[in-house]
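Participant:
Numbering (full-length UniProt numbering), first residue to last: 1 to 168.
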């Protein structure tokens with residue numbers, strides 16, 4: 001069984017959570033005595049986010065040759081290109097969040113928020129193109145054995161025959 005589908009949702013969820021965390025940290029940093037702790041937390045979130053994106057991309061690349069048996073390389077490359085842009089872009093929010101811990105400059109807050117929103121947009125496009133691979137182009141078919149496929153195709157015939165028998 002491929003591992004990419006098991007981990008792919010982590011970076012997608014974290015792409016949504018990161019801008020929210022930055023906005024909350026930006027608002028709460030004005031109301032707390034220790035704003036640095038908020039940015040340490042967002043930096044930790046960004047480390048996990050980037051790590052999950054890189055792991056997911058690597059696992060996707062491992063699955064690529066298998067999936068190319070049922071889908072064209074060009075179709076897969078579209079998703080791969082979006083995934084690569086998304087993955088490398090996750091380093092921008094990490095950088096800005098880390099700089100907030102070190103320097104706490106006011107311009108870094110909007111930069112962190114904007115960069116995380118850009119990454120979210122890339123994540124949406126990456127997820128959409130991945131979903132198309134699975135649901136439009138049937139990428140999962142690459143992992144279905146011929147025997148399982150034959151059984152699945154035979155099953156509707158058996159159900160149809162049973163319904164005909166019930167009508168008699």
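Heads up, the beta-carbon is just placed ideally off N, CA and C, and yes, glycines get one too. Bear in mind that the values here come from a model prediction, so they are computed numbers and not experimental data.
Would you identify the three-state DSSP class for residue 69, choosing helix, strand or coil?
Facilitator: coil
Participant: Alpha carbons only, please: which of 71, 125, 91 and 21 is nearest the one belonging to residue 42?
Facilitator: 21
Participant: Please return the same chain residues whose Cβ sits closer than 6 Å to the Cβ of residue 46, not counting the five positions on each side in sequence.
Facilitator: 93, 94 and 97
Participant: Looking only at its chain, what residues have a beta carbon closer than 6 Å to the beta carbon of residue 35, apart from the 5 residues adjacent to it on each side?
Facilitator: 29
Participant: Can you find at least 3 beta carbon pairs, one from the stretch 69-88 and one from the stretch 122-130, that sit closer than 8 Å?
Facilitator: yes
Participant: Any chance the stretch 5-12 sits against the stretch 65-72, with 3 or more Cβ pairs inside 8 Å?
Facilitator: no
Participant: Can you round the beta-carbon distance between residue 116 and residue 19 to whole angstroms, since I take them to be within the 8 Å contact cut?
Facilitator: 4 Å
Participant: Which runs of the alpha helix (DSSP H) at least 4 residues long sit entirely within the UniProt domain "DUF2231" (2-139)? Give them in chain order.
Facilitator: 4-7, 9-28, 35-67, 73-89, 91-102 and 108-131
Participant: Apart from the five residues just before and just after residue 142, which ones in its own chain have a Cβ nearer than 6 Å to its Cβ?
Facilitator: Closer than 6 Å at the Cβ level, and outside the excluded window around residue 142, lie 66, 67, 69 and 70.
Participant: Could you check if residue 100 is buried or exposed, using at least 16 other CB atoms within 10 Å of its CB as the buried criterion?
Facilitator: buried
Participant: Using CA coordinates, which residue listed in 32, 81, 114 and 1 is at the minimum distance from residue 23?
Facilitator: Looking at 32, 81, 114 and 1, the one whose alpha-carbon comes closest to that of residue 23 is 114.
Participant: Judging by CA-CA distance, which residue of 106, 139 and 73 is the nearest neighbour of residue 39?
Facilitator: 106
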